[in-house]
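**Student:** I'd like to ask some things about the structure below.
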Amino acid sequence: MRIDFDKCIGCEICLSYCPTQAIRVGSEENDTVYISEDICVECGLCRRLKICPVDAFIESEETANFPRVVRSLFSDPNTTHKSTLVPGRGTEESKTNDVTGRTKRGEIGICIELGRPGLGCTFNDISLMTMRLKELGVGFMENNALTAFMDSKTGRFPDTFIPQRVLSAIIEIVVKTEELERVFQAIMEVGREIDTVFSIGIISRFDENGELPVLQHLAQLGVSYAPNAKINLGLGTPLVDD
Amino acid sequence: MTHSLHRTGSETSLKKDYVFLCTPAKGVNNEGARDKLIKILDIIMEVGPTNIGFYGYGSKVDGICIEDIKKRMHDNSRLRCCFDDREKLKEVLKRIKAEEFGLSITVSGLISEILEISKKLSLTPHTVNISCGVFGKVNYLPDKRITEITTMCGHGMVGYRLTEDTIDQLKKGEIDLEKAIHTLQKPCTCGIFNPTRAREILQRIIYEEDDTKSESQRRSEADELGAKIRVRPDPVAAANR
Chain A
409 MRIDFDKCIG CEICLSYCPT QAIRVGSEEN DTVYISEDIC VECGLCRRLK
459 ICPVDAFIES EETANFPRVV RSLFSDPNTT HKSTLVPGRG TEESKTNDVT
509 GRTKRGEIGI CIELGRPGLG CTFNDISLMT MRLKELGVGF MENNALTAFM
559 DSKTGRFPDT FIPQRVLSAI IEIVVKTEEL ERVFQAIMEV GREIDTVFSI
609 GIISRFDENG ELPVLQHLAQ LGVSYAPNAK INLGLGTPLV DD
Chain B
2 MTHSLHRTGS ETSLKKDYVF LCTPAKGVNN EGARDKLIKI LDIIMEVGPT
52 NIGFYGYGSK VDGICIEDIK KRMHDNSRLR CCFDDREKLK EVLKRIKAEE
102 FGLSITVSGL ISEILEISKK LSLTPHTVNI SCGVFGKVNY LPDKRITEIT
152 TMCGHGMVGY RLTEDTIDQL KKGEIDLEKA IHTLQKPCTC GIFNPTRARE
202 ILQRIIYEED DTKSESQRRS EADELGAKIR VRPDPVAAAN R
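Right, here's the structure in full:
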């Protein structure tokens, strides 16, 4: 996104709205409002909200082309990923697990969402995490927009992706229950190296009695969890129950 | 995307917050899903959601027209809305179950509440996605009361600065509570930002905050509140014990 300097009247209304604070004001000598190309994640919110009284936001041509387009793919909730046909962050994760069986009983799905909440991340951050997980030999979920871009042998992303900044991106892996501790430890180690936050979601099946054995596993690891969760109610058909 | 998973707040506050999602699965049951989605949308509207939206169009705060949503809907569309009333959610689920649409339904909210509803409706929950919290450079994050608001838009469209500036304007009396809620709700195009909770959080921040307290006192109290909401031990240290 860019600002048309010929149109901008410098009212600064837009400054508050940018989720990454990429809209900035120049120096004291030059009070032009501009967008930091490095910080902007191309979420398109400034333009979409129509907050500018003179319609000064311009979507630059490069926004729609590689490599910069990956910014909007992972930041603009209105985009749909061609690889997965899924909008937003490009994965159905647990939402359709009742009919896809992506995470089965005895397995644990781990969603590592880098940049969430609200800080954003670069593909360098994402790469550090995916490469380490690849070394551990964990399985990456198919039908995930990140997995589709990743080198399947190394977990690395193309060099042109590395400096690109996005609002958040979800790495999805699936591990056996007994691998959870080792993988969690590795995630935390990489977490100290990256310069952002990340949120962790644990996907697991209810057992035959309607219980959640994963809660016990998390407790054993000393990992706490929120009292709220996302629950797939099992209303999809054909139901996958394995 | 896990955009309704990582909402934070006290259990009392989260009791008024349920996010409903209906998702046709690509390559499984998305073919012909549009008609079912429209019928489910009708049920939702009859019951009355707290907020509802549609990507590329807007949410309730934009004055969206439900007939327009229907026109825009296709087989891969998703339905997203939120409820501040558990009984309304229960009614929607009851009617969806009875119609046997066969589309995946997920609800984000307090685990205990959702399981109780499931039991009453004889539903068999299939899968859970549990939030284990935030890690990494958490010192970059603002006050937990700010993230209680911002995490209601899981796509991160409600930014920290917007929230802080809006609260600041509200404190100074430059805007009223309705305007503040409207401002914060607007960036969330999916319509899962819960204005009822936003009101409650803003009221708590504005009216219960004692301005005679120092910033460090306030932060310390906010941290204490956060600790009650969620304790976040270091899993690596725990694993090494």
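Each protein sequence line maps, in turn, to chains A and B. Per our numbering, the first sequence starts with residue 409, numbered consecutively. Per our numbering, the second sequence starts with residue 2, numbered consecutively. Backbone N, C-alpha and C define an ideal beta-carbon position, used for all residues, glycine too.
(1) If we count Cβ pairs, one from each stretch, closer than 8 angstroms, do we get three or more for the segment 121 to 134 of chain B versus the segment 612 to 625 of chain A?
(2) Excluding the 5 residues flanking K713 (chain A) on each side, which residues of the same chain have their C-beta closer than 7 angstroms to its C-beta?
(3) Which parts of the segment 608 to 634 of chain A are runs of the alpha helix (DSSP H), unbroken and 4 residues or longer, counting only runs that do not cross its ends?
(4) Take D650 (chain A) and list the residues in its own chain whose beta-carbon comes closer than 8 angstroms to its own, dropping the five residues that flank it on each side.
(5) Between I207 (chain B) and chain A, is the shortest Cβ-Cβ distance under 8 angstroms, so that the two count as touching?
(6) Where L22 (chain B) and K40 (chain B) are concerned, what is the direct C-alpha to C-alpha distance, given to the nearest angstrom?
(7) What did DSSP end up calling S123 (chain B) once you bin it into helix, strand or coil?
(8) For chain A, is any of its Cβ atoms less than 8 angstroms away from the one on V93 (chain B)?
(9) In three-state DSSP terms, what is K328 (chain B)?
(10) Can you name the start and end residues of the alpha helix (DSSP H) that Y442 (chain A) belongs to?
(11) Taking only beta-carbon positions, decide if Q429 (chain A) is within less than 8 angstroms of chain B.
(12) Inspect the beta-carbon positions of I131 (chain B) and S5 (chain B) and report whether they are closer than 8 angstroms.
(13) Residues of chain A with CB under 8 angstroms from G33 (chain B), in chain order?
(14) By Cβ distance below 6 angstroms, which residues in the same chain neighbour C188 (chain B) in space, the five residues on each side in sequence not counted?
(15) Taking 8 angstroms as the CB-CB limit, is L6 (chain B) close to chain A?
(16) Could you tell me whether the Cβ atoms of V441 (chain A) and I411 (chain A) are closer together than 8 angstroms?
(17) What do you reckon, are the CB atoms on P521 (chain A) and I570 (chain A) nearer than 8 angstroms?
(18) Can a CB atom of chain A be found closer than 8 angstroms to the CB of S60 (chain B)?
(19) For T555 (chain A), which residues of its own chain have a beta-carbon under 8 angstroms away from its beta-carbon, when the five flanking residues on both sides are left out?
(20) Suppose you measure from the CA of L80 (chain B) to the CA of E100 (chain B); what does that come to, to the nearest Å?
(21) Residues of chain B with a CB under 8 angstroms from the CB of D506 (chain A): which are they?
(22) Note down, in chain order, every chain B residue with its Cβ under 9 angstroms from the Cβ of S535 (chain A).
(23) Are any of the Cβ atoms in chain B nearer than 8 angstroms to that of S632 (chain A)?
(24) State the Cα-Cα distance for the pair V48 (chain B) and C519 (chain A), rounded to the nearest angstrom.
(25) Let me make sure I understand the geometry here. Which of B:S11, B:D18, B:C191, B:E68 has the alpha-carbon closest to that of H1 (chain B)?
(26) Does the distance from the CB of K503 (chain A) to the CB of T107 (chain B) come in under 8 angstroms?
(27) Hey, could you find the ends of the beta strand (DSSP E) Y19 (chain B) is sitting in?
(28) Find the nearest neighbour of D603 (chain A) within the set B:T151, B:N140, B:R205, B:I202, judged by alpha-carbon distance.
**Tutor:** Let me spell this out:
(1) Judged by Cβ distances under 8 angstroms, the segment 121 to 134 of chain B makes contact with the segment 612 to 625 of chain A, as three or more pairs qualify.
(2) Outside the displayed range of chain A (409 to 650) lies residue 713 (chain A), so it cannot be described from this structure.
(3) Runs of the alpha helix (DSSP H) lying entirely within the segment 608 to 634 of chain A and spanning at least 4 residues, in chain order: 621 to 629.
(4) Correct list, in chain order: G509, K512, R513.
(5) Residue-level contact check: I207 (chain B) does not touch chain A, since none of the beta carbons of chain A fall below 8 angstroms from its beta carbon.
(6) Roughly 14 angstroms between the two C-alpha positions.
(7) The answer is coil: DSSP assigns S123 (chain B) none of H, G, I, E or B.
(8) Taking Cβ atoms only, chain A never reaches closer than 8 angstroms to V93 (chain B), which makes this a no.
(9) Residue 328 (chain B) cannot be examined here, being either before or after the span of chain B that is shown, 2 to 242.
(10) In the DSSP annotation of this structure, Y442 (chain A) is not part of any alpha helix (DSSP H); the continuous beta strand (DSSP E) holding it starts and ends at 441 to 443.
(11) Yes - at least one Cβ of chain B is within 8 angstroms of the one on Q429 (chain A).
(12) Pairing I131 (chain B) with S5 (chain B) gives a Cβ-Cβ distance that is not under 8 angstroms.
(13) Against chain A, the beta carbon of G33 (chain B) has no neighbour under 8 angstroms; the closest one sits roughly 13 angstroms away.
(14) Inspection of the sequence shows that residue 188 (chain B) is occupied by Pro rather than by Cys. Contacts found: M158, V159.
(15) At a cut-off of 8 angstroms between C-beta atoms, L6 (chain B) counts as an interface residue with respect to chain A.
(16) By the CB criterion at 8 angstroms, V441 (chain A) and I411 (chain A) fall inside the cutoff.
(17) First, the amino acid is wrong: residue 521 (chain A) is Glu here, not Pro. Cβ atoms of E521 (chain A) and I570 (chain A): not closer than 8 angstroms.
(18) By this cut-off, S60 (chain B) is not an interface position.
(19) Setting aside the 5 residues that flank it on each side, T555 (chain A) is surrounded in the same chain by F548, M549, E580, each with a C-beta closer than 8 angstroms to its C-beta; the list follows chain order.
(20) Here the C-alpha atom of L80 (chain B) lies approximately 17 angstroms from the C-alpha atom of E100 (chain B).
(21) Correct list: S105, H127, T128.
(22) Within chain B, no residue has its beta carbon less than 9 angstroms from that of S535 (chain A); the closest one is some 15 angstroms off.
(23) When Cβ-Cβ separations below 8 angstroms define contact, S632 (chain A) makes contact with chain B.
(24) Roughly 33 angstroms separates the two Cα atoms.
(25) Any answer about residue 1 (chain B) is impossible in this case: the structure gives chain B only from 2 up to 242.
(26) The answer is yes: Cβ separation under 8 angstroms.
(27) From DSSP, the beta strand (DSSP E) with Y19 (chain B) extends over 19 to 24.
(28) Closest option to D603 (chain A), Cα to Cα, is B:N140.
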